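Chemist: Numbering (the working numbering), first residue to last: 26 to 360.
C-beta: ideal position from N, C-alpha, C; glycine also.
This structure is a prediction, so every number in the text was calculated from the model and none was measured.
1) Any idea if residue 158 is buried or exposed, counting beta-carbon neighbours within 10 angstroms, 16 or more meaning buried?
2) Mark residue 90 as exposed unless 16 or more other C-beta atoms lie within 10 angstroms of its C-beta, in which case mark it buried.
3) Between the Cα of residue 168 and the Cα atoms of 339, 330 and 318, which residue gives the shortest distance?
4) Leaving out five residues on either side along the sequence, give the residues of the same chain with a beta carbon under 6 Å from the beta carbon of residue 244.
5) Classify residue 264: buried if its beta carbon has 16 or more other beta carbons within 10 angstroms, exposed otherwise.
6) What number of angstroms, rounded off, separates the C-alpha of residue 135 from the C-alpha of residue 305?
7) Could you give the first and the last residue of the continuous alpha helix (DSSP H) run that contains residue 133?
8) Near residue 321, which residues of its chain fall below 7 Å by C-beta distance, leaving aside the five closest residues on each side in sequence?
9) Considering just the uninterrupted stretch of the alpha helix (DSSP H) at residue 262, what are its terminal residues?
10) Are residue 143 and residue 121 touching if we call contact CB-CB under 8 Å?
11) Where residue 16 and residue 95 are concerned, what is the direct C-alpha to C-alpha distance, given to the nearest angstrom?
12) If distances are taken between C-alpha atoms only, which option among 99, 301, 338 and 262 comes closest to residue 288?
13) Helix, strand or coil for residue 162 per DSSP?
14) Which term fits residue 53, buried or exposed, when burial requires 16 or more other beta carbons within 10 angstroms of its beta carbon?
15) Specify the secondary structure class of residue 283 as computed by DSSP and reduced to three states.
16) If you draw a straight line from the alpha carbon of residue 257 to that of residue 100, how long is it in whole angstroms?
17) In its own chain, which residues sit with a C-beta less than 6 Å from the C-beta of residue 340, not counting the 5 before and 5 after it?
18) Within this structure, are the beta carbons of residue 51 and residue 73 separated by less than 8 Å?
19) Would residue 55 be called buried (16 or more neighbouring beta carbons within 10 Å of its own) or exposed?
20) Could you give the DSSP three-state label for residue 112: helix, strand or coil?
21) Exposed or buried, residue 47, counting other C-beta atoms within 10 Å across all chains shown (16 or more means buried)?
22) Can you give me the Cβ contacts of residue 86 inside the same chain, cut-off strictly under 8 Å, excluding the 5 residues immediately before and after it?
23) Leaving out the 5 sequence neighbours to the left and right, which residues in its chain are closer than 8 Å to residue 232 when beta-carbon positions are compared?
24) Is it the case that the Cβ atoms of residue 201 and residue 79 are separated by a distance below 8 Å?
25) Can you find the residues in the same chain that come closer than 8 Å, C-beta to C-beta, to residue 83, ignoring five residues on each side of it along the sequence?
26) By Cβ distance below 6 Å, which residues in the same chain neighbour residue 300 in space, the five residues on each side in sequence not counted?
27) Could you work out which residue in 312, 284, 279 and 152 is closest to residue 7 when comparing CA atoms only?
28) Rounded to the nearest angstrom, how far is the Cβ of residue 237 from that of residue 63, given a contact under 8 Å?
29) Kindly give me the distance between the Cβ atoms of residue 149 and residue 113, rounded to whole angstroms, as I take these residues to be in contact under 8 Å.
30) Answer yes or no: do residue 252 and residue 267 have a C-beta to C-beta separation smaller than 8 Å?
31) Am I right that residue 250 and residue 334 are in contact with their C-beta atoms under 8 Å? What's the rounded C-beta distance?
32) Please classify residue 195: does DSSP put it in a helix, a strand, or coil?
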């Protein structure tokens with residue numbers, strides 16, 4: 026056989042890129058990114074880097090949970106478009122992280138993380154059907170339900186310590202504590218409590234949306250000021266335990282579900298402020314059972330503000346619109 030023909034045949038026989046694996050990787054990264062309500066795989070990559078700054082366990086279990094949840098959704102016949110956007114992976118990601126933080130890394134925890142993340146796809150589908158007629162997104166409710174049940178059922182140290190007493194007056198923080206609190210308010214979305222992880226997550230948001238990054242900054246600052254004004258304990262403010270729900274509320278309302286306008290920015294700021302005492306109250310409610318608020322304050326606060334938005338006649342509010350995926354679209358409204 027001529028050399029040129031052999032070379033041509035060799036080129037034809039050479040394996041091409043594995044597009045299936047590439048698509049699966051993109052779905053995985055989008056699942057991690059959707060924890061913070063963005064869908065850019067580049068954001069997911071930066072978020073994954075931030076996870077590994079908290080230790081290999083958090084990184085591995087976060088990815089394991091995201092893959093398990095998305096895989097179960099595919100097997101159960103969930104909407105493929107939602108899967109490709111990462112909407113079936115983020116609850117599993119948080120489930121894997123929460124379980125390894127509580128139970129530590131072991132083969133038993135890995136099995137629980139896989140099963141718990143897979144189960145998230147079922148309440149996600151149920152919540153989607155129940156909430157869609159109300160124009161509300163699922164958010165992190167499946168994760169909160171599954172991990173809340175597992176946390177109460179399984180032994181192990183709580184994710185956070187018990188409720189601490191308020192201080193009299195305004196909580197005073199040093200400059201270093203203010204900086205840590207600002208970063209940890211973002212980092213605690215993924216159970217991360219080091220300042221550089223918060224900055225990496227903020228960079229990931231910036232890659233996807235400048236509006237989302239600005240909302241995260243504003244939500245963190247407002248949460249910090251509100252927690253101090255409420256006299257909440259300085260150590261827990263510094264850890265970011267009262268701020269991560271506020272950051273998610275700000276991103277959801279200012280950059281995801283409502284059209285960005287000055288009105289919706291103020292509305293999102295109000296939601297971020299409201300989520301702080303809600304987080305403290307939920308912490309007091311959950312502490313006797315050994316659980317934590319997780320992201321219930323974010324989920325419920327966002328539901329309430331989104332449910333109220335169609336009744337408010339201001340620019341950017343979704344009057345006469347319905348929820349589709351991660352955005353609102355115009356609906357047929359009869360007089």
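Modeler: Working from what's here:
1) Reading the chain shown from its first residue, position 133 is the one you call residue 158. Exposed, by the Cβ-count rule.
2) Locating residue 90 in the chain shown gives position 65, counting from the first residue. Using a 10 angstroms sphere on the CB of residue 90, the tally of other CB atoms reaches 16 or more, which defines it as buried.
3) On the chain shown, residue 168 is found 143 positions in, with the first residue counted as 1. Nearest C-alpha to residue 168: 318.
4) Here residue 244 refers to the residue found at position 219 of the chain shown. Within the same chain, residue 244 has close Cβ partners 271, 272, 275 and 297.
5) Mapped onto the chain shown, residue 264 falls at position 239. That one is buried.
6) By one-based count along the chain shown, residue 135 stands at place 110. By one-based count along the chain shown, residue 305 stands at place 280. In a straight line, the C-alpha of residue 135 is about 31 Å away from that of residue 305.
7) Working through the chain shown from its first residue, we reach residue 133 at position 108. Note, residue 133: alpha helix (DSSP H), 132-156.
8) Position 296 of the chain shown, counted from the start, is the residue given in the question as residue 321. Within the same chain, residue 321 has close Cβ partners 169 and 307.
9) On the chain shown, position 237 is the one that residue 262 refers to. 259-264 is the extent of the alpha helix (DSSP H) around residue 262.
10) One-based indexing of the chain shown puts residue 143 at position 118. One-based indexing of the chain shown puts residue 121 at position 96. The answer is no: Cβ separation not under 8 Å.
11) Examination of residue 16 is not possible in this model, given that the chain is present from 26 through 360 alone.
12) Here residue 288 is taken as the residue at index 263 of the chain shown, counted from 1. Residue 338 is the option with its Cα nearest to residue 288.
13) The residue labelled residue 162 in the question sits at position 137 within the chain shown. Looking at residue 162 - three-state DSSP - the assignment turns out to be coil, as it is neither helix nor strand.
14) Taking the first residue of the chain shown as position 1, residue 53 is located at position 28. Result: buried.
15) Taking the chain shown and counting its residues from 1, one reaches residue 283 at position 258. Residue 283 carries a coil assignment under DSSP once its states are collapsed to helix, strand and coil.
16) Numbered from 1 along the chain shown, position 232 holds the residue referred to as residue 257. Numbered from 1 along the chain shown, position 75 holds the residue referred to as residue 100. If you draw a straight line from the Cα of residue 257 to the Cα of residue 100, it is about 45 Å long.
17) Your numbering for residue 340 matches position 315 in the chain shown. So the qualifying residues of the chain are 286 and 288.
18) For the purposes of this step, residue 51 is taken as the residue at position 26 of the chain shown. For the purposes of this step, residue 73 is taken as the residue at position 48 of the chain shown. Cβ distance not < 8 Å, so residue 51 and residue 73 don't count as in contact.
19) The residue labelled residue 55 in the question sits at position 30 within the chain shown. Classification for residue 55: buried.
20) Indexing the chain shown from 1 puts residue 112 at position 87. Coil at residue 112, not helix or strand.
21) As a position in the chain shown, residue 47 is number 22, starting the count at 1. It is exposed - the Cβ of residue 47 has fewer than 16 other Cβ atoms within 10 Å.
22) The count along the chain shown starts at 1 and reaches residue 86 at position 61. 121, 122, 124, 125, 130, 134, 135 and 138.
23) Residue 232 sits at position 207 when you count from the first residue of the chain shown. Taken in chain order, the residues that qualify are 65, 67, 68 and 71.
24) What you label residue 201 is simply residue 176 of the chain shown in a count that begins at 1. What you label residue 79 is simply residue 54 of the chain shown in a count that begins at 1. Not closer than 8 Å, so no.
25) Position 58 of the chain shown holds residue 83. Taking residue 83 as the centre and dropping the five residues before and after it, the same chain places the C-beta of 76, 77, 122, 125, 126, 215, 216 and 217 closer than 8 Å to its C-beta, in chain order.
26) The sequence position of residue 300 within the chain shown is 275, counting from 1. The residues are 270, 271, 274, 322 and 326.
27) Since the first residue of the chain shown is 26 and the last is 360, residue 7 is not available in this structure.
28) Against the chain shown, residue 237 aligns to sequence position 212. Against the chain shown, residue 63 aligns to sequence position 38. Correct: roughly 6 Å between the Cβ atoms.
29) Counted from its first residue, the chain shown places residue 149 at position 124. Counted from its first residue, the chain shown places residue 113 at position 88. The Cβ separation is near 7 Å, so the contact holds.
30) Position 227 of the chain shown, counted from the start, is the residue given in the question as residue 252. Position 242 of the chain shown, counted from the start, is the residue given in the question as residue 267. Using a Cβ distance threshold of 8 Å, residue 252 and residue 267 count as a contacting pair.
31) In the chain shown, residue 250 corresponds to position 225, counting from 1. In the chain shown, residue 334 corresponds to position 309, counting from 1. Residue 250 to residue 334, Cβ: 24 Å. No contact.
32) In the chain shown, residue 195 corresponds to position 170, counting from 1. Looking at residue 195 - three-state DSSP - the assignment turns out to be coil, as it is neither helix nor strand.
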